[in-house]
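Going by my numbering, the first residue of the sequence shown is number 103, and it counts up by one from there.
This report refers to the structure that appears directly beneath it.
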Amino acid sequence: MRLVVLISGSGSNLQAIIDAIDSGHLDAKIALVVSNRQSAYGLQRADAAGIPTLYFPLKPYRDAGQPRNLYDTDLADQIALHTPDLIVLAGWMHILSPAFLNRFPRQVINLHPALPGTFPGTDGIRRTYEAYQRGEVEHGGCMIHYVIPEVDAGDVIVKEIVPIEPGDTLEQFEEHIHAAEHRIIVEAIRLIAGAGSAK
Ligand code: GRF
């Protein structure tokens, strides 16, 4: 299973995949790590693991007044060179248009730090926590889903409920979410690899 992983931040979920491969828990190879932000610590994690990286920012396209789907098309071209079986959005903060998604049908999965149908978009952890404080939700969670043009709405592959205790701070809840994310992102790839390859 050849993976390309897209990140924008710390890359702790990327690290979970790297660790699962290194421990033999996941039979896969990360062919490339892409980040839209040069300062993303995840790029250093990839370097440390000897994984090729690509810094691919949107800004030059915006500054040149070029359309978003040109960025998406060029990004897809770069990724296709690495012949991925699966593209994993692990904290990737850009919305990908059909210009990208149509190049990799049912091959793009995304990690979202909330349960299906709840808190789509950014800042899901804090929004969940505040909804809990208002008595609107009883717990949080996270999920891995196939990416479709509608944000955070494709078929769910794996999800995990994450309890919130009354005394939990946002930071404690966030730690519990990230621990769950690190489990489900590996589990989702294992499920897809198992389903995809004949035994
Ligand atoms: C995760 O919480 C993910 O759900 C959100 O961004 C965070 C990425 O964390 N979209 P990391 O970069 O993998 O540490």
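The beta carbon of each residue, even a glycine, is placed where N, CA and C say it ideally should be.
Asked                                                                                                              : Found
Contact test: Leu217 Cβ vs the ligand GRF heavy atom, cutoff 7 Å                                                   : no
Beta-carbon gap between Ile189 and Phe206 smaller than 8 Å                                                         : yes
Span of the beta strand (DSSP E) around Ile119                                                                     : Not the beta strand (DSSP E): Ile119 falls in the alpha helix (DSSP H), residues 114 to 124.
Simplified DSSP assignment, three categories, for Arg104                                                           : strand
Assumed close pair Ala233, Leu108 - CB separation to whole angstroms, cut-off 8 Å                                  : Not a contact, Cβ separation roughly 28 Å.
Close-in-space but distant-in-sequence residues of the same chain around Ala148 (CB under 6 Å, 5 per side omitted) : Val135, Thr155
Leu160 (DSSP reduced to helix, strand or coil)                                                                     : coil
Whole-angstrom distance between Glu283 and Phe221, CA atom to CA atom                                              : 16 Å
Glu262 - partner residues in DSSP beta bridges                                                                     : Cys244
Check: His214 C-beta below 7 Å from any heavy atom of the ligand GRF                                               : yes
Pairwise C-alpha distance: Ile153 and Ile120                                                                       : 10 Å
Euclidean distance between Cα positions of Ala151 and Gly126                                                       : 15 Å
Cα-Cα separation, Ala295 to Leu105                                                                                 : 11 Å
Cβ-Cβ separation, Pro215 to Val258 (assumed contact under 8 Å), whole Å                                            : Not really, about 14 Å apart at Cβ, beyond 8 Å.
Gln117 versus His196: straight-line alpha-carbon distance, rounded                                                 : 20 Å
Buried or exposed (CB count within 10 angstroms, at least 16 for buried), Ile263                                   : exposed
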